[in-house]
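Chemist:
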Amino acid sequence: MTSTVARATQTVTINSGALLSTDMDLRNTEAVGIAAPVLTSGQLFLQVGMNSGTYVGRLHDPRSQAAWFWNVAAGSAAIIVDAPIRPFTHAAIEVANSQAALRTFTIAKARG
């Protein structure tokens, strides 16, 4: 990975009982970091697309030939998404299990 300069942070939420977050704006973004709160355990995916609220499916991970995911356990953590997000300009966090309460994520975005 080349050196990146932090550009912005954004907060997205998943409502209690929901599986999908509010929209994540990825325009002019090369790398994405996700800081997750305490979650209901399960897998976390990224739904990606070109328009806010309209996603074409889960982000593909070329190394595994499957969808990119993060196994999250009870407790907070942070990760850098290590699959290419370009050319997508919008995304939403998808969780495998509905959440027991409102969850707030901090998204750190950097451009190359």
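Residue numbers in the sequence shown follow the working numbering, run continuously in steps of one, and reach 1292 at the last position. No residue lacks a Cβ here, since even glycine has one placed at the ideal position from N, Cα and C.
1. How many Å lie between M1230 and I1265 at the Cα?
2. Look at L1200 and A1276 and say whether their C-beta atoms are less than 9 Å apart.
3. Near T1191, what residues of its chain come up, given a Cβ to Cβ distance below 8 Å and the 5 sequence neighbours on each side ignored?
4. Just checking my contact of F1268 with V1228 at CB under 8 Å: how many whole Å lie between their CB atoms?
5. Quick test of your reading: T1202 and R1291, contact by CB under 8 Å. State the CB separation rounded to the nearest angstrom.
6. Just mark L1282 as buried or exposed, buried being the case when its beta carbon has 16 or more other beta carbons within 10 Å.
7. Which value, in whole angstroms, describes the spacing of the CA atoms of D1241 and S1232?
Modeler: Inspection of the coordinates gives the following:
1. 11 Å
2. no
3. T1284, F1285, T1286, I1287
4. 4 Å
5. About 22 Å separates the two Cβ atoms, so there is no contact after all.
6. exposed
7. 22 Å
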